[in-house]
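Visitor: For any residue, its number in this note's numbering is found by taking its place in the sequence shown, counting from 1, and adding 7. Here a beta-carbon is modelled for each residue, glycine too, at the ideal position from N, C-alpha and C. Here the structure is a predicted model, which means the values were calculated and not measured. Structure below; questions to follow.
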Amino acid sequence: MSQRALALAVLCAVSLMVVLDGSIVAVALPAIQNDLGFTPSTLAWVVNAYLIAFAGLLLLSGRLGDLIGRKRVFLAGLGLFTLASLLCGIAQDQAQLIGFRFLQGAGGALASAVVLGMITTLYPEPRARAKAIGVYSFTQAAGSSIGLIAGGTLTQLLDWHWTFFVNLPIGAIALALAVRLLADDRGPGLRDGTDVTGAGLVTGGLMLLIYTIVKAEEYTWADVRTLGLLAVSLLLLAGFVLRQAKARRPLLPLRIFRLRAVSGANTVMVLMVAGLFGFQFITALYLQRVLRLDALSTGFAFLPAPLSIAVMSLVFAERLNHRFGARTVLAGGLSLVALALGFLATVQADGDYATDVLPALVLMGIGFGAAMPALMGQAMSDVSPADAGVASGLINTTQQIGAAIGTAVLATTAASRTGSLLAEGAAMPEALASGYRAAYALSAGLLALAVFAATLLLRARKVQGAIVA
Numbered sequence: 008m009s010q011r012a013l014a015l016a017v018l019c020a021v022s023l024m025v026v027l028d029g030s031i032v033a034v035a036l037p038a039i040q041n042d043l044g045f046t047p048s049t050l051a052w053v054v055n056a057y058l059i060a061f062a063g064l065l066l067l068s069g070r071l072g073d074l075i076g077r078k079r080v081f082l083a084g085l086g087l088f089t090l091a092s093l094l095c096g097i098a099q100d101q102a103q104l105i106g107f108r109f110l111q112g113a114g115g116a117l118a119s120a121v122v123l124g125m126i127t128t129l130y131p132e133p134r135a136r137a138k139a140i141g142v143y144s145f146t147q148a149a150g151s152s153i154g155l156i157a158g159g160t161l162t163q164l165l166d167w168h169w170t171f172f173v174n175l176p177i178g179a180i181a182l183a184l185a186v187r188l189l190a191d192d193r194g195p196g197l198r199d200g201t202d203v204t205g206a207g208l209v210t211g212g213l214m215l216l217i218y219t220i221v222k223a224e225e226y227t228w229a230d231v232r233t234l235g236l237l238a239v240s241l242l243l244l245a246g247f248v249l250r251q252a253k254a255r256r257p258l259l260p261l262r263i264f265r266l267r268a269v270s271g272a273n274t275v276m277v278l279m280v281a282g283l284f285g286f287q288f289i290t291a292l293y294l295q296r297v298l299r300l301d302a303l304s305t306g307f308a309f310l311p312a313p314l315s316i317a318v319m320s321l322v323f324a325e326r327l328n329h330r331f332g333a334r335t336v337l338a339g340g341l342s343l344v345a346l347a348l349g350f351l352a353t354v355q356a357d358g359d360y361a362t363d364v365l366p367a368l369v370l371m372g373i374g375f376g377a378a379m380p381a382l383m384g385q386a387m388s389d390v391s392p393a394d395a396g397v398a399s400g401l402i403n404t405t406q407q408i409g410a411a412i413g414t415a416v417l418a419t420t421a422a423s424r425t426g427s428l429l430a431e432g433a434a435m436p437e438a439l440a441s442g443y444r445a446a447y448a449l450s451a452g453l454l455a456l457a458v459f460a461a462t463l464l465l466r467a468r469k470v471q472g473a474i475v476a
């Protein structure tokens, strides 16, 4: 294997590890909840702390790579991610775990924001580059399913701490190889300016917004504390927008939103991912808390969805886009996902995996596998080469923001409904199932909005070669 191929393997392995960590914890959540005493709504912060740091720092991390060198940023991110994994594994209380998960998300953002740019530098030849990006995309697609299975296996055979400790040997080996294999690069330096203020505003605003959503279950939406937190978070986000309009080198140039395809695709992305990522969180809890599956069985129970996604996105999506057009394929795929979530909104306390969950997972995989390549193609279709990097960073950031918001909203919805029924004297299994039904119904509504947004905001046209894992 050539040095270039080894370098690609290192980059893809680290990318896989970062993606994997977003889902590996999902199966371990009940064990973490039992051990550290999380409430149902605060448990979402084990996921959200990682996602908010990751989403909030992606754009800044990519910009830092341009300024001080991508290898430096990658190594710093990988080192921080590995150290934070150790700290998460030895966390003794809720605050420690949430704080260390935030650090882990920050490290993941630093490392993953520059990977695609490093791959394109490694492979300047078009055909070789296409193959390399294909390998990278495959690791991205495989990460979620591998994480669920690995999380279930480690939690079942060892304990939840090992869902974090597993990153230590991978991170250490990757760090040693990256130092040797990755080419040194030098940017113009920080003198060209980087929008630290903007990054602080958007990260703080998003964190406070998600915190507000989670705390609304405790305070209620009409409470002055909820309204106050919401107002402050919106002010921070408004400040970010104003900062981007005035900054000499903005983190996110606002001109890109004038492109209809970019603004439309990002709107669809946040709605789609909000419904789908929260679904993963809720389904893991339903399988374990209601159907009484163990952690290992829960991990494997998710497998039909990523398998369906892989078949659809890698085999059929390009031909469907070419024949029917990206907007039609996107709307059709999202409609299938909405139907699958509507099906899950009927789950019962005495449900069965084979009849009540499996069909929805397969249908969801087919729909998502068709929708995602079409959506990514739309997101980049009108972008000039000069703005390709920021457009790519934007769609990935939007994806992570949608995941964090969806997890928080759906967890709060499920916890609120369950708490109300328990207060009325309902049995725990039925109260939990009712809470999950409410969350699934909300997810289906978000996907229906995504279908509407895709139809209204995106132009009808064909997108060729839009296969993106």
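Quick check: what's the CA-CA separation for ALA438 versus ALA421?
Guide: Their backbone Cα atoms lie some 9 Å apart in a straight line.
Visitor: MET279: buried (16+ other C-beta within 10 angstroms of its C-beta) or exposed?
Guide: MET279 is buried by the Cβ-count criterion.
Visitor: Check this for me: beta carbons of LEU64 and VAL53, under 8 Å apart or not?
Guide: No. Outside cutoff.
Visitor: Let me know the secondary structure DSSP gives PHE309 once reduced to three states.
Guide: PHE309: coil per DSSP, three-state reduction.
Visitor: Could you tell me if TRP228 is buried or exposed, where buried requires 16 or more neighbouring beta carbons within 10 angstroms of its beta carbon?
Guide: Under this definition TRP228 is an exposed residue.
Visitor: For THR162, name the three-state secondary structure that DSSP assigns.
Guide: Helix, per DSSP.
Visitor: May I have the straight-line CA-CA distance separating ALA324 from PRO380, to the nearest angstrom?
Guide: In a straight line, the C-alpha of ALA324 is about 7 Å away from that of PRO380.
Visitor: Just to confirm before moving on: does the CB-CB distance between ALA33 and PHE288 stay below 8 Å?
Guide: Yes, these two residues count as a Cβ contact at 8 Å.
Visitor: On the criterion of 16 or more Cβ atoms from any shown chain inside 10 Å, does LYS222 qualify as buried, or is it exposed?
Guide: Buried, since its Cβ has 16 or more Cβ neighbours within 10 Å.
Visitor: Have a look at ALA378, GLY84, ALA317 and flag the residue whose alpha-carbon is nearest the alpha-carbon of ILE153.
Guide: The shortest Cα separation from ILE153 among ALA378, GLY84, ALA317 belongs to ALA317.
Visitor: Let me check understanding here. Comparing Cα to Cα, which of PRO176, GLY212, PHE172 lies closest to ALA245?
Guide: Among PRO176, GLY212, PHE172, the Cα nearest to that of ALA245 is on GLY212.
Visitor: Tell me which same chain residues have a C-beta within less than 7 Å of the C-beta of GLY86, skipping the five on either side of it?
Guide: The answer, listed in chain order, is LEU182.
Visitor: Do you know how far the Cα of VAL277 is from the Cα of ILE408?
Guide: Between ILE408 and VAL277, the C-alpha separation is close to 7 Å.
Visitor: Let's test the definition: count the other Cβ atoms within 10 Å of the Cβ of ILE59 and tell me whether it reaches 16, buried, or not, exposed.
Guide: The residue is buried, with at least 16 neighbouring Cβ atoms inside 10 Å.
Visitor: Within 10 angstroms of its Cβ, does GLY432 collect 16 or more other Cβ (buried), or is it exposed?
Guide: Looking at its Cβ environment, which holds fewer than 16 other Cβ atoms inside 10 Å, GLY432 is exposed.
Visitor: With DSSP run on the structure shown, which of helix, strand or coil describes GLU325?
Guide: Residue state, collapsed to three classes: helix.
Visitor: In the DSSP assignment, the alpha helix (DSSP H) including ALA33 goes from what residue to what residue?
Guide: 10-43 is the span of the alpha helix (DSSP H), which, as asked, contains ALA33.
Visitor: For the alpha helix (DSSP H) that contains LEU184, what are its first and last residues?
Guide: 174-188 is the extent of the alpha helix (DSSP H) around LEU184.
Visitor: Using the Cα positions of LEU283 and ALA410, report the straight-line distance between them to the nearest angstrom.
Guide: In a straight line, the C-alpha of LEU283 is about 8 Å away from that of ALA410.
Visitor: Counting only the same chain and skipping the five closest in sequence on each side, list residues whose C-beta sits under 6 Å from that of SER441.
Guide: Closer than 6 Å at the Cβ level, and outside the excluded window around SER441, lie ARG424, LEU428.
Visitor: Under three-state DSSP, which class holds PRO260?
Guide: The answer is coil: DSSP assigns PRO260 none of H, G, I, E or B.
Visitor: Along the chain, where does the alpha helix (DSSP H) containing LEU294 start, and where does it finish?
Guide: Element bounds for LEU294: n/a, residue is neither H nor E.
Visitor: Beta-carbon separation of ALA308 and LEU300 under 8 Å?
Guide: Taking 8 Å as the Cβ cut-off, ALA308 and LEU300 qualify as a contacting pair.
Visitor: What first and last residue would you give for the alpha helix (DSSP H) that runs through SER119?
Guide: Counting along the chain, the alpha helix (DSSP H) containing SER119 begins and ends at 101-120.
Visitor: Given that a residue counts as buried once 16 or more other Cβ atoms are within 10 Å of its Cβ, and exposed if not, what is ARG296?
Guide: ARG296 should be labelled buried.
Visitor: Taking only three categories from DSSP, how would you classify GLY358?
Guide: Coil, per DSSP.
Visitor: Just tell me which of ALA20, LEU50, ARG187, PHE247 has its CA closest to the CA of GLN101.
Guide: It is LEU50 whose Cα lies nearest to the Cα of GLN101.
Visitor: Rounding to the nearest angstrom, what Cα-Cα distance links SER92 and PHE45 in this structure?
Guide: So the two alpha carbons sit approximately 20 Å from each other.
Visitor: Applying the criterion that 16 or more other CB atoms from any shown protein chain within 10 Å of the CB defines a buried residue, is ALA118 buried or exposed?
Guide: Counting Cβ neighbours within 10 Å, ALA118 comes out buried, since at least 16 surround it.
Visitor: To the nearest angstrom, report how far apart ASN403 and LEU298 are at their CA atoms.
Guide: Whole-angstrom Cα-Cα distance: 34 Å.
Visitor: Is the beta carbon of THR337 sitting closer than 8 Å to the one on LEU401?
Guide: One point to set straight first is that residue 337 is Leu, not Thr, in the sequence displayed. Cβ distance not < 8 Å, so LEU337 and LEU401 don't count as in contact.
Visitor: Quick check on DSSP: helix, strand or coil for GLY332?
Guide: It is coil, neither helix nor strand.
Visitor: Does DSSP put TRP167 in a helix, a strand or coil?
Guide: Coil at TRP167, not helix or strand.
Visitor: Where LEU341 and ASP363 are concerned, what is the direct C-alpha to C-alpha distance, given to the nearest angstrom?
Guide: Going by the C-alpha atoms only, they are around 20 Å apart.
Visitor: GLY345 and LEU370 look like a contact to me (Cβ under 8 Å); what is the Cβ gap, rounded to whole Å?
Guide: Correcting the residue identity first, residue 345 is Ala in this sequence and not Gly. Between LEU370 and ALA345 the Cβ distance is about 10 Å, and since that is not below 8 Å, they are no contact.
Visitor: Three or more C-beta pairs under 8 Å: does that hold for the region 64-84 against the region 114-131?
Guide: Contact holds: three or more Cβ-Cβ distances are below 8 Å.
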